[in-house]
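When the count follows the UniProt record's numbering, it moves up by one through the sequence shown with no breaks and lands on 392 for the last residue.
We put the CB at the ideal spot given by N, CA and C, even for glycine.
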Amino acid sequence: MNEPANSTQLLITNRVADFLLCTFELLVFFVNVANCVLAFKTPEEIEQLKRDLLNDPFDRFVFTEEDGNLLIGLKYLTESGRRIQHAVESWRVRILHFLERAKSPVELGRIAVHVARPDSIPTSFKLKDILNADKLGRFSVHGTVDRLLVSRNISVQEIEESRQLWRDQCHHFLFAQPRDVTLAVLGNNVPRPGMLPKHENKLIEVLNGDPERRFFFMQRSPAETMVRVKLTEDQREQLSEVWRMKVENYLLLKGCEVLLSEIGANVKRPSVHFGTVTTLRELLLNDPYHRFHLFGSGLMMQVVLTSSVRDSPQQFPMPPPVMPLHKSYHNEQIIERTEGKSAPFGARADNEMYAQASFATNGAAAKPVASTRYGEPVPPARYGQTAPQPGY
């Protein structure tokens, strides 16, 4: 006869303890909230506090209105109820990490297998209802009854960070290319970040939305859109100096005056992104070291190095590396093609990419090859001339 009385007394004692604990938490909560409200000076900050409390993942607060005043209350929960709430939130967090690694919608049944349910959560709590009841809105459950899919809702900040990362990767890839690249080739070589939905973030829209305006497009045909990068003033000046040094190399190898048109045909622009705004004539006339002398007019205009360059070709400093410096497979391919053999002077790879391969300090140790003073391969002899020695 004593056992039921003892059980009833124990149950009453536990409920009284839960009630006292809840009352204590309620008093502490109201003191804290009162202090927070007194610390806030604007209605916007008070509204932010209200939103934060409404989005509480443990759903501990209740709001009521009385005489136009908003009253905040703390829900009464037993100790077992608190344990269940904490277990539910812990389960949601582990599911969130699982979805981040998956990077695509996952079937609801697969989540239940790979992310174990905590023992303290009753089986009557369905996983679908737990995810849909998330106050922070971190999950999206969609699909049919037979195949429910769960995906992670991405915040606006995370989407913008992913877009900026994609733009930076596209910029680095385009800068290293020796020729124009179509939008389709760019999309195939620079993968889309997993957080960006495909139907909302097209590549051309992401590049057009670049806050630094680093990209511009050229419509070659209705089906082909070419992409280039816009160079900064520093990058343009560095590439200009690279172009001048290539011209100087060419004139040193010739050893005499050369037609400007011949130089333009054999010494190409150092980068396809350099554009056609600057002409070769303007480039040589604006040389800060005055290494070139131009005479003649029209198609018969010729270029010759000044006597100071011919007498002492080592007096001019090397140009700074062209930025950005990224180790690309293009530089490695060029170094491999020039090892142990001389490349035809004037070829596209020589004229556009040797400068980047020569000046880029990417740590790759290349085998020594016959070269001029700026590191370019020595061209083969032409018109019966004797090929100059390395270091000429």
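Worksheet item: With 16 as the cutoff for other CB atoms within 10 Å, does N153 come out buried or exposed?
Response: The count along the sequence shown starts at 1 and reaches residue 153 at position 153. Under the 10 Å beta carbon count, N153 is surrounded by fewer than 16 other beta carbons and is classified as exposed.
Worksheet item: Which whole-angstrom value describes the C-beta separation of V227 and L183, a residue pair presumed to lie in contact below a C-beta threshold of 8 angstroms?
Response: As a working mapping, residue 227 is identified with position 227 in the sequence shown. As a working mapping, residue 183 is identified with position 183 in the sequence shown. The C-beta distance from V227 to L183 rounds to 6 angstroms, short enough to fall under 8 angstroms.
Discussion item. Measuring only the C-alpha atoms, how far is Q302 from E241?
Written reply: Reading the sequence shown from its first residue, position 302 is the one you call residue 302. Reading the sequence shown from its first residue, position 241 is the one you call residue 241. Spanning the alpha carbons of Q302 and E241 requires a straight line of approximately 20 angstroms.
Discussion item. Which of the three DSSP states is assigned to S307 in this structure?
Written reply: Indexing the sequence shown from 1 puts residue 307 at position 307. Correct three-state label for S307: helix.
Discussion item. Comparing C-alpha positions only, which one of S297, H290, G298 sits nearest to S308?
Written reply: Against the sequence shown, residue 308 aligns to sequence position 308. Of the listed residues, the one whose Cα sits closest to S308 is H290.
Worksheet item: Buried or exposed: where does E47 fall if 16 or more other Cβ atoms within 10 Å of its Cβ makes it buried?
Response: In the sequence shown, the residue the question calls residue 47 occupies position 47. E47 should be labelled exposed.
Practice prompt. May I ask you to report which of helix, strand or coil DSSP gives L231?
Written response: The count along the sequence shown starts at 1 and reaches residue 231 at position 231. DSSP, read as helix, strand or coil, puts L231 in coil.
Worksheet item: Can you tell me where the alpha helix (DSSP H) with Q164 in it begins and where it stops?
Response: Walking along the sequence shown from the start, residue 164 turns up at place 164. Here the alpha helix (DSSP H) through Q164 covers 156 to 175.
Worksheet item: By Cβ distance, which residues of its chain are closer than 7 angstroms to L285, with the 5 residues on each side in sequence left out?
Response: In the sequence shown, the residue the question calls residue 285 occupies position 285. By the criterion of a C-beta distance shorter than 7 angstroms, L285 is surrounded in its chain by L294, once the five residues flanking it on both sides are discounted.
Fill in: Close Cβ partners of W243 (< 7 angstroms) along its chain, the five nearest in sequence each way excluded
Here residue 243 corresponds to residue number 243 of the sequence shown, with the count starting at 1. Apart from the 5 residues on each side of it in sequence, W243 sits with its Cβ closer than 7 angstroms to the Cβ of R269, P270, L283 in its chain, given in chain order.
Worksheet item: Do you know whose CA, among F175, D168, T42, L203, lies nearest G187's CA?
Response: In the sequence shown, residue 187 corresponds to position 187, counting from 1. Ranking F175, D168, T42, L203 by Cα distance to G187 puts L203 first.
Discussion item. Just to confirm, is the Cβ distance from I95 to S120 under 8 angstroms?
Written reply: Residue mapping note: residue 95 aligns to position 95 of the sequence shown, counting from 1. Residue mapping note: residue 120 aligns to position 120 of the sequence shown, counting from 1. Not in contact: I95 and S120 (Cβ atoms no closer than 8 angstroms).
Worksheet item: What is the C-beta distance between P193 and L165, in whole angstroms, given that I count them as a contact (C-beta under 8 angstroms)?
Response: Stepping through the sequence shown from its first residue, residue 193 is reached at position 193. Stepping through the sequence shown from its first residue, residue 165 is reached at position 165. Confirmed, Cβ separation roughly 6 angstroms.
Fill in: Spatially closest choice to V181 from G209, K246, F217, by CA coordinates
Numbered from 1 along the sequence shown, position 181 holds the residue referred to as residue 181. The candidate whose alpha carbon is nearest that of V181 is F217.
Worksheet item: Pick from D287, G298, K128, E233: whose alpha carbon is nearest that of S261?
Response: Along the sequence shown, one-based indexing puts residue 261 at 261. Of the candidates D287, G298, K128, E233, the one whose C-alpha sits nearest the C-alpha of S261 is G298.
Worksheet item: Whose C-beta lies closer than 7 angstroms to the C-beta of T123 among residues of the same chain, with five residues either side of it excluded?
Response: Along the sequence shown, read from residue 1 onward, the residue named residue 123 stands at position 123. Result list for T123: empty, nothing under 7 angstroms.
Item to complete: Drop a sphere of 10 angstroms on the beta-carbon of H171, count the other beta-carbons inside from all chains shown, and report buried for 16 or more, exposed for fewer.
Response: Within the sequence shown, residue 171 is the residue found at index 171, counting from 1. Around the CB of H171, 16 or more other CB atoms lie within 10 Å, so the residue is classed as buried.
Worksheet item: Are K128 and L108 close, meaning C-beta to C-beta below 8 angstroms?
Response: Here residue 128 corresponds to residue number 128 of the sequence shown, with the count starting at 1. Here residue 108 corresponds to residue number 108 of the sequence shown, with the count starting at 1. Less than 8 angstroms divides the Cβ of K128 from the Cβ of L108.
Worksheet item: From A360 to A176, what does the alpha carbon distance come to, in whole angstroms?
Response: Sequence index remark: in the sequence shown, residue 360 carries index 360 (1-based). Sequence index remark: in the sequence shown, residue 176 carries index 176 (1-based). Residue placement at A360 is poorly supported in this model, since its pLDDT is 39, which falls under 50; the coordinates are not used for a value here.
Worksheet item: What whole-angstrom Cβ distance do P105 and V150 have, given they're in contact under 8 angstroms?
Response: The residue given as residue 105 occupies position 105 in the sequence shown. The residue given as residue 150 occupies position 150 in the sequence shown. Contact flag correct, Cβ pair sits at about 7 angstroms.
Worksheet entry | Selection from L136, H142, R213, R179 that minimises the alpha carbon distance to L53 | Locating residue 53 in the sequence shown gives position 53, counting from the first residue. The candidate whose alpha carbon is nearest that of L53 is L136.
Worksheet entry | Neighbourhood of L131 by C-beta, 6 angstroms cutoff - its chain only, sequence neighbours within 5 removed | As a position in the sequence shown, residue 131 is number 131, starting the count at 1. Short of 6 angstroms from the beta carbon of L131, and not among the five residues preceding or following it, lie these beta carbons of its own chain, in chain order: F139, V141.
Practice prompt. Work out the CA separation of P222 and A87 for me, nearest whole Å.
Written response: By one-based count along the sequence shown, residue 87 stands at place 87. By one-based count along the sequence shown, residue 222 stands at place 222. A direct Cα-Cα distance of roughly 57 angstroms separates A87 from P222.
Practice prompt. Keeping to the same chain, check which residues put their C-beta closer than 7 angstroms to that of V206; ignore five residues upstream and five downstream.
Written response: Within the sequence shown, residue 206 is the residue found at index 206, counting from 1. Hits under 7 angstroms: R163, W166, R167.
Worksheet item: Can the beta-carbon of Q169 be found less than 8 angstroms from the beta-carbon of V190?
Response: Counting from one through the sequence shown, the residue named residue 169 turns up at place 169. Counting from one through the sequence shown, the residue named residue 190 turns up at place 190. Taking 8 angstroms as the cut-off, the Cβ atoms of Q169 and V190 count as close.
Item to complete: Whole angstroms is fine: what's the gap from Q235's alpha carbon to K254's?
Response: Locating residue 235 in the sequence shown gives position 235, counting from the first residue. Locating residue 254 in the sequence shown gives position 254, counting from the first residue. Roughly 29 angstroms separates the two Cα atoms.
Worksheet item: Comparing alpha-carbon positions, which option in V115, P288, D134, N201 lies nearest E161?
Response: Taking the sequence shown and counting its residues from 1, one reaches residue 161 at position 161. Per the Cα distances, N201.
Fill in: Three-way DSSP call (helix, strand, coil) for E107 in this model
The residue given as residue 107 occupies position 107 in the sequence shown. In the displayed model, E107 falls within a strand according to three-state DSSP.
Worksheet item: What residue from A133, L305, G81, A112 has the CA that sits closest to C256's CA?
Response: Counted from its first residue, the sequence shown places residue 256 at position 256. Closest by alpha carbon: L305.
Item to complete: State the DSSP-derived secondary structure class of R138, mapped to helix, strand or coil.
Response: As a position in the sequence shown, residue 138 is number 138, starting the count at 1. In this structure, R138 counts as coil in the three-state DSSP scheme.
Fill in: Inter-residue spacing [alpha-carbon to alpha-carbon] between G143 and E212
The count along the sequence shown starts at 1 and reaches residue 143 at position 143. The count along the sequence shown starts at 1 and reaches residue 212 at position 212. One Cα belongs to G143, the other to E212, and the distance between them is close to 39 angstroms.
Discussion item. Distance check for G209 and M245, CA to CA, integer angstroms please.
Written reply: Start at 1 with the first residue of the sequence shown, and residue 245 comes out as number 245. Start at 1 with the first residue of the sequence shown, and residue 209 comes out as number 209. Their Cα atoms are separated by approximately 36 angstroms.
Practice prompt. Tell me whether E79 is buried or exposed, calling it buried when 16 or more other Cβ atoms sit within 10 Å of its Cβ.
Written response: Position 79 of the sequence shown, counted from the start, is the residue given in the question as residue 79. Residue burial annotation: E79 is exposed, with fewer than 16 other C-beta atoms found within 10 angstroms of its C-beta.
Discussion item. Tell me the DSSP secondary structure of V242 in three-state form.
Written reply: Indexing the sequence shown from 1 puts residue 242 at position 242. In the structure shown, V242 adopts helical secondary structure according to DSSP, grouped into three states.
Fill in: Assigned exposure category for Q219 - 16 Cβ within 10 Å defines buried
In the sequence shown, residue 219 corresponds to position 219, counting from 1. Exposure of Q219 is indicated by the presence of fewer than 16 other C-beta atoms within 10 angstroms of its C-beta.
Worksheet item: Using DSSP with H/G/I as helix, E/B as strand and the rest coil, what is F125?
Response: On the sequence shown, position 125 is the one that residue 125 refers to. In the three-state scheme derived from DSSP, where H, G and I count as helix and E and B as strand, F125 is classed as coil.
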